[in-house]
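Engineer: Please see the structure below; I have some questions.
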Amino acid sequence: MPTEVILPRLGQGMETGTIVRWLKAEGDAVAKGDPLFELDTDKVTQEVEAEASGILLRIAIAEGEVPVGKTVAFIGSEGEDVPDLTDVPQAEPPNPPSNSLLQAESEPHSEAEPVGEAAPSGASNGRIKASPLARRLARERGIELSAIAGTGPEGRVVAEDVERAETRVPELASNSLLLSRAVPPGEVERVPLTNIRKTIARRLTEAWQIPVFQLQASADMTHANALVAKLRERDPDVRVTVTDLLTKVSAQALMRHREVNAEFTEDAILLHPSANVGIAVAAPQGLVVPVIRGAERLSLTEIAAVRADLVGRARENKLRADDLEGGTFTISNLGMYAVESFTAVLNPPQAAIVAVGATVDSVVPVAGELAVRPMLTLTATFDHRAVDGAPAAAFLQTLKESLEDPGLAL
Amino acid sequence: MPELTYREAVRDTLVQAMRADEDVFIMGEDIAEMGGSMGVTQGLLDEFGPERVRNTPISEMALAGAAIGAAMQGMRPIAEIMYEDFMTLAAEQVVNQAAKHRYMSGGQITVPVVFRTQGGAGWSPGAQHAQQLEAWFVHIPGLKVVFASTPEDVRGLLWSAIYDDNPVVFFEHRTLYPIKGEVPAEIAPIPIGKARVHREGEDVTVIATGRLVHESLRAAEEAESEGISVEVVDPRTLQPLDEETLVASVKKTNRAVVAHEAVTRMGFGAEVAAVLQYQAFDWLDAPIERVGAKFTPLPFAPVMENFVIPHAADVLAAIKRTVGK
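Residue numbers (my numbering), protein chains in the order written: chain A, 1 to 410; chain B, 1 to 325.
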């Protein structure tokens with residue numbers, strides 16, 4: 001029987017990891033302790049070592065995000081049969097509860113799956129591997145062990161798995177068998193923090209320590225909208241958006257006002273040579289900010305393509321660590337909602353972030369007459385340790401003028 | 001609070017017990033003029049004279065037997081067995097005589113003797129001068145077995161051992177003699193059979209003895225920095241064992257590592273693991289891990305000795321296995 005290579009838990013609370021690349025190929029000889037593949041988590045990228053020696057018979061999962069406990073490869077002896085993957089008991093840890101909650105708000109039950117489908121990873125030859133504590137908890141709470149995916153060593157069901165199975169029950173409320181287990185009305189529902197939620201909390205708390213100031217300006221989007229419309233007409237496959245235009249003009253403005261494309265450190269202010277523009281994305285698992293690198297060198301359609309890929313993968317929770325790193329400036333756009341303006345919290349170590357509201361038809365004076373124009377309000381937040389008010393204002397003015405007359409960004 | 005080394009703490013207890021009580025005396029090889037091979041009894045001859053600080057011939061069996069005889073006659077002798085390894089030579093007297101007389105006499109005779117001995121590797125003493133043989137003696141009904149890991153504990157426990165009416169095998173660790181620690185101004189006797197929780201934690205309990213208490217505390221620090229909260233408990237008395245404290249700790253943390261310097265196989269840790277699995281079975285969330293020396297005589301070469309005996313890194317690795325890291 002070949003040894004299964006299981007996606008390891010590198011930290012407590014780790015639910016999934018992303019296989020970046022394999023360091024061995026199928027057919028390679030591996031010794032216990034050899035680096036086998038690179039694994040990304042929300043904290044680190046780490047080489048995972050082989051737990052057994054032999055031949056790497058099959059790589060079941062080449063790359064991408066994988067739940068902890070899932071079989072990703074097999075190590076055995078030359079010529080040994082590899083079990084068909086459909087026979088392999090797979091650990092499918094359920095979605096973290098907060099994730100489920102977010103999803104439940106927008107698409108009720110979209111993540112709900114019948115209990116019977118959860119793969120009993122601890123099972124082998126009918127015997128379920130579970131720790132004594134997990135067995136007792138399951139017994140006391142009336143949960144079937146066979147319905148729980150184990151994430152412990154060798155797919156063992158551990159107490160944490162039972163706890164998770166229990167907190168997950170509310171999302172299954174549509175299943176009549178489980179109705180009685182739903183949270184009773186009027187009770188406080190407890191949503192345990194996921195890793196990403198903890199990271200968001202920690203980083204925003206850090207950001208709150210920074211002395212900031214805000215500047216606001218409104219831009220007439222008549223020409224910008226016309227440009228976006230024209231580009232969409234010319235190239236319907238790449239749907240250029242206002243966000244893409246904002247990315248482009250922000251990048252150009254950052255190159256003209258490099259003191260804003262900055263980072264404050266203990267003994268120096270770092271001025272970045274390139275505009276790596278982060279786009280805040282409301283992904284189901286929480287807020288993420290993938291980065292469009294070197295945006296000043298990309299055309300609008302190139303930016304649109306990169307943005308579409310990043311946002312798509314963010315929504316599927318498939319971003320890699322390097323998608324999120326190296327940003328020098330962030331755009332947070334709530335224009336799709338009825339929000340006219342708002343202030344964003346800095347995304348450290350970046351020195352500036354711009355909050356973009358909805359484009360609203362407004363009455364504005366044009367050449368002494370009243371006119372109705374599509375107006376967009378930009379509210380930029382700056383790290384005052386790195387940037388003073390006047391250069392920040394100059395930056396925002398460039399941004400406004402570039403939106404009003406996109407040709408100026410060239 | 002005054003600070004004493006582990007060695008000074010042992011000496012201080014001997015001195016205070018001998019000052020307080022005419023029945024207390026010490027005997028052993030080279031303990032008088034030389035002050036013992038580990039220097040524990042230095043200066044005692046000057047204060048108490050050769051009647052109460054008795055050098056013996058090089059026969060562990062004879063000196064153990066003489067101490068047992070004196071104890072049966074109402075004295076409270078403390079026999080020093082120079083190396084734990086030499087307890088094997090005294091074993092007939094300790095196992096077949098000291099441990100049995102109270103029982104065989106229907107309680108008419110008591111044997112209030114303490115066998116003080118020391119062992120432990122880490123200084124290249126080779127295969128015959130550093131073994132940890134506590135498992136031999138915890139297996140004998142009729143003996144109490146103590147293994148203290150700090151100056152405060154060694155002082156309070158040695159006092160209790162001297163005044164216990166049963167034979168006590170009292171293990172000291174060679175590499176702990178120079179460590180310093182605060183002790184109460186007055187000797188505070190520590191009851192035989194009470195464990196000490198050195199550090200509270202939530203995720204894993206490490207039950208460690210002797211030198212491994214200190215290695216485990218280091219491992220716990222390291223684990224803490226990786227987000228694992230570790231409780232470290234020293235049973236201090238190996239027989240009788242404070243099962244209540246150990247089981248309560250494991251019921252809280254749901255995971256256990258048992259660590260000692262003695263060879264893992266058939267060791268004291270195996271008994272602890274058995275106690276835990278039986279009394280805390282439904283609370284265990286991972287197999288109980290054991291950390292100890294590899295199953296081989298101790299090598300003389302420092303590099304190999306280092307490889308054979310356990311260290312903080314081994315405890316840390318076991319901690320991580322229990323939490324699935």
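We put the beta carbon where it would ideally sit given N, CA and C, even for glycine.
Spell out whether any CB of chain B is found under 8 Å from the CB atom of A/Pro273.
Structural biologist: Residue 273 of chain A sits at position 273 when you count from the first residue of the first sequence. Cβ-Cβ to chain B under 8 Å: no for A/Pro273.
Engineer: Flag this pair as touching only if the stretch 183-202 of chain B and the stretch 145-161 of chain B have three or more C-beta atom pairs under 8 Å; answer yes or no.
Structural biologist: Contact holds: three or more Cβ-Cβ distances are below 8 Å.
Engineer: Which residues in the same chain have their Cβ closer than 7 Å to the Cβ of A/Arg232, if we skip the five residues on either side of it in sequence?
Structural biologist: For the purposes of this step, residue 232 of chain A is identified with residue 232 of the first sequence, where counting begins at 1. The residues are Arg239, Val240.
Engineer: Residue range of the alpha helix (DSSP H) that A/Asn195 falls in?
Structural biologist: Stepping through the first sequence from its first residue, residue 195 of chain A is reached at position 195. Residues 195-208.
Engineer: Is B/Met266 buried or exposed, if buried means 16 or more other CB atoms sit within 10 Å of its CB?
Structural biologist: Reading the second sequence from its first residue, position 266 is the one you call residue 266 of chain B. So B/Met266 counts as exposed.
Engineer: Can you have a look at B/Ser105 and say buried or exposed, based on whether 16 or more other CB atoms are within 10 angstroms of its CB?
Structural biologist: As a first step, residue 105 of chain B is located in the second sequence; it is residue number 105 there, counting from the start. Exposed.
Engineer: A/Trp22: buried (16+ other C-beta within 10 angstroms of its C-beta) or exposed?
Structural biologist: Locating residue 22 of chain A in the first sequence gives position 22, counting from the first residue. A/Trp22 should be labelled buried.
Engineer: So is A/Arg136 in contact with chain B if we call contact Cβ pairs under 8 Å?
Structural biologist: As a first step, residue 136 of chain A must be located in the first sequence, where it is residue number 136. Output row for A/Arg136: interface = yes.
Engineer: How is A/Ser146 classed by DSSP in three states: helix, strand or coil?
Structural biologist: Here the question's residue 146 of chain A lines up with position 146 in the first sequence. Helix at A/Ser146.
Engineer: From the DSSP output, which residues share a beta bridge with A/Leu227?
Structural biologist: In the first sequence, residue 227 of chain A corresponds to position 227, counting from 1. A/Leu227 is not bridged to any residue.
Engineer: Quick one: is A/Glu92 near chain B, going by C-beta distance under 8 Å?
Structural biologist: Indexing the first sequence from 1 puts residue 92 of chain A at position 92. Interpretation of A/Glu92 is limited by its pLDDT of 45, a score under 50 that renders its predicted location unreliable; no figure is taken from the coordinates.
Engineer: Distance cutoff 8 Å, beta carbons only. Does A/Val212 sit that close to anything in chain B?
Structural biologist: Here the question's residue 212 of chain A lines up with position 212 in the first sequence. A/Val212 does not count as touching chain B.
Engineer: I'd like to know if the stretch 249-265 of chain A and the stretch 283-302 of chain A are in contact, where contact means that at least 3 CB-CB pairs between them fall below 8 Å.
Structural biologist: Yes, the stretch 249-265 of chain A is in contact with the stretch 283-302 of chain A.
Engineer: Check the Cβ of A/Ala159 against every Cβ in chain B and list those closer than 7 Å, keeping chain order.
Structural biologist: Position 159 of the first sequence, counting from 1, holds the residue named residue 159 of chain A. Those are Asn254, Asp285, listed as they occur along chain B.
Engineer: Tell me the DSSP secondary structure of B/His101 in three-state form.
Structural biologist: In the second sequence, counting from the first residue as 1, residue 101 of chain B sits at position 101. Helix, per DSSP.
Engineer: Might you give, ordered along the chain, the residues of its own chain that have their beta carbon closer than 6 Å to the beta carbon of A/Leu227, omitting 5 neighbours on each side?
Structural biologist: Looking up residue 227 of chain A in the first sequence gives position 227. Around A/Leu227: Pro406.
Engineer: When the Cα atoms are used, what is the spatial distance from A/Arg320 to A/Ile200?
Structural biologist: In the first sequence, counting from the first residue as 1, residue 320 of chain A sits at position 320. In the first sequence, counting from the first residue as 1, residue 200 of chain A sits at position 200. A/Arg320 and A/Ile200: Cα-Cα distance of roughly 17 Å.
Engineer: Spatial neighbours of B/Ala127 within its chain, please: CB distance less than 8 Å, with the 5 preceding and 5 following residues excluded, ordered by chain position.
Structural biologist: As a working note, residue 127 of chain B is residue 127 in the second sequence. Excluding positions up to five away in sequence, the list reads Pro297, Leu298, Pro299, Phe300.
Engineer: Could you pull the start and end residues of the beta strand (DSSP E) that B/Thr13 belongs to?
Structural biologist: Residue numbering aside, residue 13 of chain B sits at position 13 when the second sequence is read from its first letter. B/Thr13 -> not in any beta strand (DSSP E); alpha helix (DSSP H) instead, spanning 6-20.
Engineer: For A/Arg9, return the contacting residues in chain B, with the cut-off set at a CB-CB distance below 9 Å.
Structural biologist: Here residue 9 of chain A corresponds to residue number 9 of the first sequence, with the count starting at 1. Neighbours of A/Arg9 on chain B, chain order: Val323, Gly324, Lys325.
Engineer: Can you have a look at B/Ala71 and say buried or exposed, based on whether 16 or more other CB atoms are within 10 angstroms of its CB?
Structural biologist: Against the second sequence, residue 71 of chain B aligns to sequence position 71. Its Cβ being crowded by 16 or more others within 10 Å, B/Ala71 is buried.
Engineer: Rounded to a whole number of angstroms, what is the C-alpha to C-alpha distance between B/Ser149 and B/Pro235?
Structural biologist: Here residue 149 of chain B is taken as the residue at index 149 of the second sequence, counted from 1. Here residue 235 of chain B is taken as the residue at index 235 of the second sequence, counted from 1. Between B/Ser149 and B/Pro235, the C-alpha separation is close to 10 Å.
Engineer: Taking contact to mean at least 3 C-beta pairs separated by less than 8 Å, is the stretch 266-285 of chain A in contact with the stretch 18-30 of chain B?
Structural biologist: Touching, no, given that fewer than three Cβ pairs across the two stretches are closer than 8 Å.
Engineer: DSSP state of B/Ile162, grouped into three classes?
Structural biologist: In the second sequence, residue 162 of chain B corresponds to position 162, counting from 1. Three-state result, B/Ile162: helix.
Engineer: Determine the chain A residues that contact B/Phe281 at a beta-carbon separation under 8 Å, and present them in chain order.
Structural biologist: Counting from 1 along the second sequence, the entry for residue 281 of chain B is found at position 281. Ordered by position in chain A, the residues that pass the 8 Å Cβ test against B/Phe281 are Pro132.
Engineer: Tell me which residues share the same chain as A/Ser218 and place their Cβ nearer than 7 Å to its Cβ, disregarding the 5 neighbours each side in the sequence.
Structural biologist: Counting from one through the first sequence, the residue named residue 218 of chain A turns up at place 218. Within the same chain, A/Ser218 has close Cβ partners Met375, Leu376, Thr377.
Engineer: Quick one: grab the DSSP three-state call for A/Lys400.
Structural biologist: By one-based count along the first sequence, residue 400 of chain A stands at place 400. A/Lys400 falls in the helix class under three-state DSSP.
Engineer: Strictly below 9 Å CB to CB, what residues from chain B border A/Gly152?
Structural biologist: Locating residue 152 of chain A in the first sequence gives position 152, counting from the first residue. The contacting residues are Asp285, Ala286, Gly324.
Engineer: Anyone know if the C-beta pair for B/Ala135 and B/Phe268 falls short of 8 Å?
Structural biologist: What you label residue 135 of chain B is simply residue 135 of the second sequence in a count that begins at 1. What you label residue 268 of chain B is simply residue 268 of the second sequence in a count that begins at 1. Their beta carbons are under 8 Å apart, which means B/Ala135 touches B/Phe268 by this criterion.
Engineer: Which of the three DSSP states, helix, strand or coil, is assigned to B/Trp123?
Structural biologist: Within the second sequence, numbered from 1, the residue matching residue 123 of chain B stands at position 123. In the structure shown, B/Trp123 sits in coil (DSSP, three-state: anything other than H, G, I, E or B).
Engineer: Identify, in the order they occur along the chain, each residue of the same chain with its Cβ nearer than 6 Å to the Cβ of B/Arg218, setting aside the five sequence neighbours on each side.
Structural biologist: Counted from its first residue, the second sequence places residue 218 of chain B at position 218. Within the same chain, B/Arg218 has close Cβ partners Ala312.
Engineer: Hey, is the stretch 137-151 of chain B in contact with the stretch 385-393 of chain A, meaning 3+ C-beta pairs nearer than 8 Å?
Structural biologist: Cβ pair count under 8 Å is below three, so no.
Engineer: Would you say the stretch 137-145 of chain B touches the stretch 168-187 of chain B, given that touching needs at least three Cβ pairs under 8 Å?
Structural biologist: In short, these stretches touch, since the Cβ pair count reaches three.
Engineer: Quick one: residues in its chain with C-beta nearer than 7 Å to the C-beta of A/Asn225, no 5 flanking neighbours on either side, listed in chain order?
Structural biologist: The residue you call residue 225 of chain A lines up with position 225 of the first sequence. Within the same chain, A/Asn225 has close Cβ partners Pro374.
Engineer: Confirm, please, whether the CB-CB distance from B/Phe295 to A/Pro132 is below 8 Å.
Structural biologist: Numbered from its first residue, the first sequence carries residue 132 of chain A at position 132. Numbered from its first residue, the second sequence carries residue 295 of chain B at position 295. The answer is no: Cβ separation not under 8 Å.
Engineer: How many Å lie between A/Asp81 and A/Lys70 at the Cα?
Structural biologist: Taking the first sequence and counting its residues from 1, one reaches residue 81 of chain A at position 81. Taking the first sequence and counting its residues from 1, one reaches residue 70 of chain A at position 70. Approximately 19 Å between the Cα atoms of the pair.
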